[in-house]
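J.: Can you read through this structure? Questions will come right after.
Number of protein chains: 2
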Amino acid sequence: MKINVGLLGMGNIGTGSYQTLEMNRKTIFERTGLDIEITRILERDVDRDRGFFVPKEKFTQNPDDIFSDENIDIVIELIGGIEPATTFMMEALKNGKHVVTANKAAVAANYDMLLETAYENKVMFRYEASVGGGIPVINALTKALSANEFEEIHGIVNGTTNYILSQMTDFGLDYADVLKVAQEKGFAEADPTADVEGIDVANKLAILMAICFGIRLAPMDIPRAGITAISKEDIDIAASMGYKIKLLCSAKKTGNDVECHVKPTFVPFGHPIAAVNNEFNAIFAKGNAVDDLMLYGKGAGPLPTGSAVMGDVIEIATAISKEVAFDLPPVKENKELKYIGEGADERYIKLSVNEDVTLGDVAACLANNGLDIKSCRQLCASDDKKGRAGYVFIINAVSGKALETALEKICKDIDSVKVSSVINIL
Amino acid sequence: MKINVGLLGMGNIGTGSYQTLEMNRKTIFERTGLDIEITRILERDVDRDRGFFVPKEKFTQNPDDIFSDENIDIVIELIGGIEPATTFMMEALKNGKHVVTANKAAVAANYDMLLETAYENKVMFRYEASVGGGIPVINALTKALSANEFEEIHGIVNGTTNYILSQMTDFGLDYADVLKVAQEKGFAEADPTADVEGIDVANKLAILMAICFGIRLAPMDIPRAGITAISKEDIDIAASMGYKIKLLCSAKKTGNDVECHVKPTFVPFGHPIAAVNNEFNAIFAKGNAVDDLMLYGKGAGPLPTGSAVMGDVIEIATAISKEVAFDLPPVKENKELKYIGEGADERYIKLSVNEDVTLGDVAACLANNGLDIKSCRQLCASDDKKGRAGYVFIINAVSGKALETALEKICKDIDSVKVSSVINIL
């Protein structure tokens with residue numbers, strides 16, 4: 314059976330998706346009996362060297378050439394960004410095209426609208442590549458694990474920040490130096506804000522929250538910290554206590570309360586997430602039947618992302634061949650569960666102080682402000698072992714808000730105290 | 314929509330599957346609109362305390378009560394073993410029932426027959442739980458990753474042996490001592506043969522070979538070694554060289570040649586599989602688009618396995634509700650690829666020798682017999698640092714057959730040489 318596909322955007326991911334299909338078209342045909350072809354491509358840059366031949370007549374600069382083409386069954390959206398991508402996807406769905414996207418920002422921003430429009434128009438909408446690149450996490454969570462209630466999700470879902478933290482950890486480098494090298498190597502954007510400030514991760518967490526807990530969140534409302542404030546010293550202290558620092562998206566259900574956040578986090582060496590380094594991504598989930606589960610792989614890159622995109626295309630094409638290419642009614646928002654913002658976690662706190670403030674002074678002040686100290690130690694100034702450079706505290710589980718209030722008061726109570734780091738502990 | 318399910322066998326896994334469904338029935342209904350119920354159970358042991366209430370009238374001792382029950386749509390087979398499980402599954406399929414199983418032995422032995430019978434009878438056959446317990450590996454490989462050609466698969470797919478090797482590694486214990494404790498704790502069977510000799514793993518590898526490469530193998534024909542010969546000393550030597558010893562199933566495609574084997578294997582510390590410990594399982598795959606991917610989770614246990622079983626049931630029930638509960642023609646055997654038995658791998662070899670045989674003597678003999686030494690070192694007798702207890706060699710990639718022939722000749726060439734260990738290196 315012949316299935317024609319329209320492609321919106323042929324940058325890196327579009328090129329990788331096209332290449333994945335061309336490379337494995339014969340195998341896909343043998344496995345499924347489906348002859349899938351990308352027949353039209355919306356892209357201005359026709360002449361770019363993509364490393365393989367793409368017939369020029371496939372290219373168009375008019376999206377309507379794709380939406381109104383009756384021979385096209387499936388539209389792949391790989392433009393990125395919320396607009397015009399969302400408008401294009403809506404247009405495609407309303408024209409009876411199935412839609413596949415890798416666009417986390419658009420999916421996070423318009424989750425219900427996209428799923429409902431697909432349902433209303435009796436077509437399918439798939440977005441596997443929007444979280445974790447090539448890792449089949451959306452498929453696993455929505456299908457194979459659908460007999461579970463989820464209790465926890467923790468993910469490393471941004472390769473740029475994981476690369477930076479891994480390099481800082483492995484080679485004792487500073488954030489700024491690693492970022493520079495990452496930019497030179499093309500692992501980080503010229504403007505790295507969306508990655509290093511955790512915005513990209515928040516988009517992905519919003520999608521995971523919808524899938525796992527039926528909770529809808531605007532990504533910008535998710536409690537979030539990036540990695541720009543993580544110092545070499547934090548990483549060394551973490552290591553000395555048996556932790557790696559990772560930028561995690563985390564969500565946890567306790568009773569009917571669900572908390573979530575995007576934060577740099579101390580991950581114990583023994584936890585499988587601690588072994589996920591450099592450009593790799595991983596999603597760790599705990600289900601009430603399956604227990605601990607982790608999916609690990611390449612979270613970005615043209616071919617890994619192409620693998621996820623074309624996996625979705627094959628699913629839809631198979632459904633077309635069975636004459637059931639429509640989605641069931643989307644799962645509604647879960648009104649029983651309550652989103653509570655950032656929940657209580659153990660925290661690592663590093664405070665700088667004047668020479669004359671003792672650990673006892675500070676510990677007493679923390680206790681007076683409701684912080685329950687699990688362990689603490691003095692940090693020595695590097696050149697003078699007697700100099701008190703500061704103190705490190707591990708605080709038993711405390712909510713983000715309570716901690717913030719306490720730290721403000723502590724800074725008022727002891728004049729010279731300055732908060733140099735606050736990091737969650739998994 | 315109401316979907317009735319018949320259950321064959323309510324031992325541990327059957328109980329876990331029933332419990333998974335009961336525990337999450339409301340959630341499953343909210344997600345899918347499906348009201349799934351296990352209405353009949355083939356099981357003699359009606360009175361066993363399963364920790365929750367099961368109405369006695371659900372039990373029967375006559376399988377025909379399930380096969381001929383027109384209200385039953387799906388049959389779950391959890392009896393285990395090749396027979397009578399295969400006969401029961403065939404009977405169910407021929408009676409127009411969809412079948413879900415966790416039975417690796419029956420699936421490995423009768424893969425084509427079961428898939429073809431399902432196809433001919435226009436029903437679905439699913440076996441997610443047969444490899445990796447709760448880990449959705451079959452779903453990932455057959456669906457989400459279907460745009461890939463697979464290049465390599467390496468799996469830890471037996472929790473008992475991974476537990477034993479992990480405990481030997483972490484606590485410096487001997488095989489026999491750990492096995493005894495594992496048996497007492499219920500982590501190993503009274504007769505552990507199928508686990509420790511790699512037979513269980515070979516069944517699972519036969520299924521993975523069919524899925525990933527379209528190659529059909531009888532599990533007993535797969536080159537295989539168990540873990541009974543692994544010594545504490547091997548584990549220590551491995552650690553000193555930066556490796557953990559894991560019982561792996563491995564398959565690799567080179568051109569059109571595909572090799573596979575089940576063998577204890579040195580896994581480099583940095584490889585994600587090295588961090589998979591105790592009862593956990595993991596399947597590592599390399600696809601030509603997705604690149605490296607690993608799925609990690611609980612490979613056994615009533616609830617994790619129940620998660621996979623009920624995931625399959627929900628998939629089928631969803632298809633029933635869409636009126637497309639039939640399988641596409643099964644993927645045929647791949648005649649282009651050639652199975653070549655065990656391929657070439659780096660190897661670790663430990664030889665014991667008489668006091669007067671030098672490393673130079675043995676190294677020369679290995680070289681004369683075609684073995685390409687990558688590194689070697691002397692092992693000291695524990696009480697006498699001058700005593701030559703033996704030698705350890707790392708040999709560059711060599712096939713299993715070539716190695717065996719060479720080692721036989723070496724033992725003839727140097728009288729006192731005895732082979733104490735041969736272990737693959739990943």
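Protein chains in written order, with our numbering: chain A, 314 to 739; chain B, 314 to 739.
Backbone N, C-alpha and C define an ideal beta-carbon position, used for all residues, glycine too.
Which bits of chain B does A:Ile550 rub up against, with CB to CB less than 7 Å?
T.: What A:Ile550 touches in chain B: nothing, since even the nearest Cβ is about 23 Å away.
J.: Short check: CB of A:Phe579 to CB of A:Tyr609, under 8 Å?
T.: Against a cut-off of 8 Å, the Cβ pair of A:Tyr609 and A:Phe579 comes out as no contact.
J.: Restricting to Cα atoms, I'd like to know which of B:Thr541, B:Ser479 and B:Thr482 is closest to B:Ala507.
T.: Ranking B:Thr541, B:Ser479 and B:Thr482 by Cα distance to B:Ala507 puts B:Thr541 first.
J.: Using 8 Å as the threshold, is the region 481 to 495 of chain A in touch with the region 606 to 623 of chain A, meaning 3 or more CB pairs across them?
T.: Judged by Cβ distances under 8 Å, the region 481 to 495 of chain A makes no contact with the region 606 to 623 of chain A, as fewer than three pairs qualify.
J.: Contact criterion: CB-CB distance below 8 Å. Does A:Ser620 meet it with respect to chain B?
T.: It does: the Cβ of A:Ser620 has a partner Cβ on chain B nearer than 8 Å.
J.: Name, please, each residue of chain A whose Cβ falls closer than 9 Å to the Cβ of B:Pro449.
T.: Going along chain A in sequence order, the residues near B:Pro449 (Cβ under 9 Å) are Pro449, Asn452, Ala453, Lys456, Ala457, Leu458, Val603, Leu606 and Leu608.
J.: For A:Thr333, would you say it is in contact with chain B, using Cβ-to-Cβ distances shorter than 8 Å as the test?
T.: It does: the Cβ of A:Thr333 has a partner Cβ on chain B nearer than 8 Å.
J.: Flag this pair as yes or no: are the beta carbons of A:Ile469 and A:Asn461 separated by less than 8 Å?
T.: No.
J.: Could you spell out where the alpha helix (DSSP H) holding A:Tyr331 opens and where it closes?
T.: From DSSP, the alpha helix (DSSP H) with A:Tyr331 extends over Asn325 to Thr345.
J.: Using a Cβ distance threshold of 8 Å, determine whether the region 564 to 583 of chain A contacts the region 512 to 522 of chain A, with at least three qualifying pairs required.
T.: Taking 8 Å as the limit for Cβ pairs, the verdict is that the region 512 to 522 of chain A does touch the region 564 to 583 of chain A.
J.: Let's test the definition: count the other Cβ atoms within 10 Å of the Cβ of A:Asp360 and tell me whether it reaches 16, buried, or not, exposed.
T.: Per the 10 Å Cβ criterion, exposed.
J.: Which class does A:Leu684 belong to by DSSP, given the choice of helix, strand or coil?
T.: Here A:Leu684 sits in coil by DSSP.
J.: Compare the C-beta of B:Pro585 against all C-beta atoms of chain A and say whether one is closer than 8 Å.
T.: Yes, because at least one Cβ of chain A sits closer than 8 Å to the Cβ of B:Pro585.
J.: Using a C-beta cutoff of 8 Å, does B:Pro617 count as contacting chain A?
T.: Judged by the 8 Å Cβ criterion, B:Pro617 is in contact with chain A.
J.: Quick one: is B:Val637 near chain A, going by C-beta distance under 8 Å?
T.: Yes, its Cβ sits closer than 8 Å to a Cβ of chain A.
J.: Does the Cβ-Cβ distance between A:Ile662 and A:Ile708 come in under 8 Å?
T.: It is a contact, given that the beta carbons lie within the stated cut-off.
J.: One question on the structure: do B:Thr333 and B:Ala442 come within less than 8 Å of each other, judged by their Cβ atoms?
T.: For B:Thr333 and B:Ala442, no; Cβs fall outside 8 Å.
J.: I need the straight-line Cα distance from A:Leu530 to A:Asn452, nearest angstrom please.
T.: Cα to Cα, A:Leu530 sits roughly 21 Å from A:Asn452.
J.: Is the beta carbon of B:Ile550 less than 8 Å from the beta carbon of B:Thr482?
T.: No.
J.: Quick test of the definition: if touching needs 3 or more C-beta pairs under 8 Å, does the region 661 to 679 of chain A touch the region 729 to 737 of chain A?
T.: A contact exists between the region 661 to 679 of chain A and the region 729 to 737 of chain A.
J.: Any beta carbon of chain B sitting closer than 8 Å to that of A:Asn434?
T.: No, A:Asn434 does not count as interfacial toward chain B.
J.: Along the chain, where does the alpha helix (DSSP H) that runs through A:Glu266 open and close?
T.: In the structure displayed, chain A extends from 314 to 739; residue 266 of chain A sits before or after that span and is not available.
J.: Closest to A:Lys410 by CA distance: which of A:Glu343, A:Glu396, A:Gly394 and A:Ile389 is it?
T.: Comparing Cα positions, the closest option is A:Ile389.
J.: Quick one: does B:Gly624 have its CB under 8 Å from some CB of chain A?
T.: With 8 Å as the cut-off, B:Gly624 counts as an interface residue toward chain A.
J.: Following a CB-centred definition, is B:Asn471 positioned closer than 7 Å to any heavy atom of the ligand NAP?
T.: In the structure shown, the ligand NAP is absent, as is every other ligand, since no ligand is present at all.
J.: Is it buried or exposed, B:Phe593, if we count other Cβ atoms within 10 angstroms and call 16 or more buried?
T.: Burial call: buried.
J.: Using 8 Å for Cβ pairs, my map puts B:Ser459 next to A:Arg344. What's the rounded Cβ distance?
T.: B:Ser459 to A:Arg344, Cβ: 6 Å. Contact.
J.: Any idea which residues DSSP pairs B:Asn594 with across the strands?
T.: In DSSP, B:Asn594 forms a bridge with B:Gly610.
J.: Please compile the residues from chain A whose C-beta is within a distance smaller than 7 Å of the C-beta of B:Glu462.
T.: In chain order: Asn337 and Thr340.
J.: Could you tell me which of A:Met403, A:Asp382 and A:Ile351 sits nearest to A:Phe366, measuring between CA atoms?
T.: Looking at the Cα atoms, A:Ile351 is the closest of the given residues.
J.: Which residues in chain B have a C-beta closer than 9 Å to the C-beta of A:Ile629? List them in chain order.
T.: Near A:Ile629 there are no residues of chain B at all, since even the closest Cβ is about 12 Å away, more than 9 Å.
J.: So who's on the other strand from A:Phe706, going by DSSP bridges?
T.: BP columns for A:Phe706 point to A:Ile662 and A:Cys689.
J.: For chain A, check one thing: does any of its Cβ atoms lie closer than 8 Å to the Cβ of B:Arg353?
T.: Closer than 8 Å: no.
J.: Name the chain A residues that come within less than 7 Å of B:Glu646, Cβ to Cβ?
T.: Simply none; closest approach about 11 Å.
J.: Can you give me the Cβ contacts of B:Pro577 inside the same chain, cut-off strictly under 6 Å, excluding the 5 residues immediately before and after it?
T.: Ile540, Ile543, Ile558, Leu560 and Ile736, listed in sequence order.
J.: Quick one: grab the DSSP three-state call for B:Gly296.
T.: Past the edges of chain B, shown from 314 to 739, lies residue 296 of chain B, and the structure says nothing about it.
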